[in-house]
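Colleague: Quick note: the sequence shown, position 186, residue 446 per this note's numbering, numbers continuous.
Each residue gets a CB set at the ideal place from its N, CA and C atoms; glycine is no exception.
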Amino acid sequence: MTEGKRTPAQWQAGWHTHARPIHSPNFGQRPEGACIDLIVLHSISLPPGQYGGPEIEALFTNTLDWNAHPYFQQIRGTEVSAHFVIRRSGEMLQFVSCDARAWHAGRSHYRGRDNCNDDSIGIELEGLEGDTFTPAQYAQLQTLCQNIATHYPIAHIAGHEHIAPGRKQDPGPGFDWVFLQHSLGWPAHFFPLTAA
Ligand SMILES: [Zn+2]
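1. Taking 7 Å as the cut-off, is the C-beta of H343 nearer than that to any heavy atom in ligand 1?
2. When the Cα atoms are used, what is the spatial distance from F355 to H283?
3. Assuming A365 contacts S380 under a Cβ cut-off of 8 Å, what Cβ separation, rounded to an integer in Å, is found between them?
4. Is the beta carbon of F435 sitting closer than 8 Å to the one on A362?
5. Any heavy atom of ligand 1 closer than 7 Å to the Cβ of D430?
6. Cβ of N422 versus every heavy atom of ligand 1: is any distance shorter than 7 Å?
7. Which stretch, first to last residue, makes up the beta strand (DSSP E) that contains H416?
8. How would you write the range of the alpha helix (DSSP H) that H442 sits in, first residue to last?
9. Given this structure, state the Cα-to-Cα distance separating Y331 from P307, to the nearest angstrom.
10. Could you check what DSSP says for Q400 in three-state terms: helix, strand or coil?
11. Among D391, H449, G382, Q272, which one has its Cα closest to the Cα of S305?
12. Quick test of the definition: if touching needs 3 or more C-beta pairs under 8 Å, does the region 409 to 418 touch the region 323 to 338?
13. Would you report the Cα separation of G382 and H329, rounded to the nearest angstrom?
14. Does ligand 1 have a heavy atom nearer than 7 Å to the CB of Y442?
15. Could you check if P431 is buried or exposed, using at least 16 other CB atoms within 10 Å of its CB as the buried criterion?
16. Classify A365 as helix, strand or coil using the three-state DSSP reduction.
17. Runs of 3 residues minimum, wholly inside the region 263 to 312: which ones carry the beta strand (DSSP E) assignment?
18. Compute every distance between the C-beta of H369 and the non-hydrogen atoms of ligand 1, then say whether any falls below 7 Å.
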């Protein structure tokens with residue numbers, strides 16, 4: 261199949277063809293007519309601060325051994341997912357079709373709407389609140405955001421900390437929003453208001 265520039269070949273039924281697919285059972289239907297205009301950025305590492313292991317994939321596929329680390333007791337039984345995970349190496353994994361509703365935001369409110377899972381795309385950066393992120397992650401994130409924006413009417417990008425303030429702190433102060441804005445070239449009103 262040949263496709264023109266207006267319909268990039270990198271998407272098939274909400275799956276990005278450049279991401280490694282790992283199907284999570286933790287998803288549902290989006291509400292009828294949902295306008296997918298928000299990208300939510302997160303950070304995750306399991307156990308916190310340890311990078312490169314298989315635990316994130318295990319969590320998102322409900323196969324994590326809750327007894328393998330004391331921290332896992334705090335999240336025992338959690339059924340969560342995100343659309344994408346970008347590892348420290350820049351490798352990109354996809355767990356849920358972007359046409360479906362992943363379970364990453366929880367109780368949340370942004371741009372005048374509740375339940376951000378309904379109409380957002382969630383991207384987890386392997387990392388830790390307060391830690392920095394790698395150049396490979398920023399490069400992959402930039403490409404992914406631009407690809408998403410060719411396919412969905414993105415008008416906002418925010419952190420979990422912005423859509424669930426006081427409850428969530430990721431991706432945290434180590435994430436460089438200014439760098440992302442400059443690299444994407446998206447207008448300032450797409451981005452969360454900062455205190456500065
Ligand atoms: Zn988060």
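Modeller: This is what the structure gives:
1. The count along the sequence shown starts at 1 and reaches residue 343 at position 83. No, the Cβ of H343 stays beyond 7 Å of every heavy atom of ligand 1.
2. Here residue 355 refers to the residue found at position 95 of the sequence shown. Here residue 283 refers to the residue found at position 23 of the sequence shown. The straight-line gap from Cα to Cα measures roughly 5 Å.
3. Numbered from its first residue, the sequence shown carries residue 365 at position 105. Numbered from its first residue, the sequence shown carries residue 380 at position 120. The pair is a contact, with the Cβ atoms about 6 Å apart (cut-off 8 Å).
4. Locating residue 435 in the sequence shown gives position 175, where the first residue counts as 1. Locating residue 362 in the sequence shown gives position 102, where the first residue counts as 1. The answer is no: Cβ separation not under 8 Å.
5. Counting from one through the sequence shown, the residue named residue 430 turns up at place 170. D430 Cβ: within cutoff of ligand 1.
6. Against the sequence shown, residue 422 aligns to sequence position 162. Residue identity differs from the one stated: residue 422 is His in this sequence, not Asn. Outside the cutoff, so no.
7. Position 156 of the sequence shown, counting from 1, holds the residue named residue 416. Unbroken beta strand (DSSP E) run through H416: 416 to 419.
8. The residue given as residue 442 occupies position 182 in the sequence shown. H442 -> alpha helix (DSSP H) spans 437 to 444.
9. Indexing the sequence shown from 1 puts residue 331 at position 71. Indexing the sequence shown from 1 puts residue 307 at position 47. Looking at the backbone, the Cα of Y331 and that of P307 are separated by about 7 Å.
10. For the purposes of this step, residue 400 is identified with residue 140 of the sequence shown, where counting begins at 1. Here Q400 sits in helix by DSSP.
11. Position 45 of the sequence shown, counting from 1, holds the residue named residue 305. For the options D391, H449, G382, Q272, the alpha carbon positioned closest to that of S305 is the one of D391.
12. Of all C-beta pairs linking the region 409 to 418 to the region 323 to 338, fewer than three are shorter than 8 Å, placing the two stretches out of contact.
13. On the sequence shown, position 122 is the one that residue 382 refers to. On the sequence shown, position 69 is the one that residue 329 refers to. G382 and H329: Cα-Cα distance of roughly 26 Å.
14. The count along the sequence shown starts at 1 and reaches residue 442 at position 182. Contrary to the premise, residue 442 reads as His rather than Tyr in this sequence. False, no ligand heavy atom lies under 7 Å from that Cβ.
15. Here the question's residue 431 lines up with position 171 in the sequence shown. It counts as buried.
16. Reading the sequence shown from its first residue, position 105 is the one you call residue 365. In the structure shown, A365 sits in coil (DSSP, three-state: anything other than H, G, I, E or B).
17. 298 to 304
18. In the sequence shown, residue 369 corresponds to position 109, counting from 1. No, since every heavy atom of ligand 1 falls outside the 7 Å radius drawn around the Cβ of H369.
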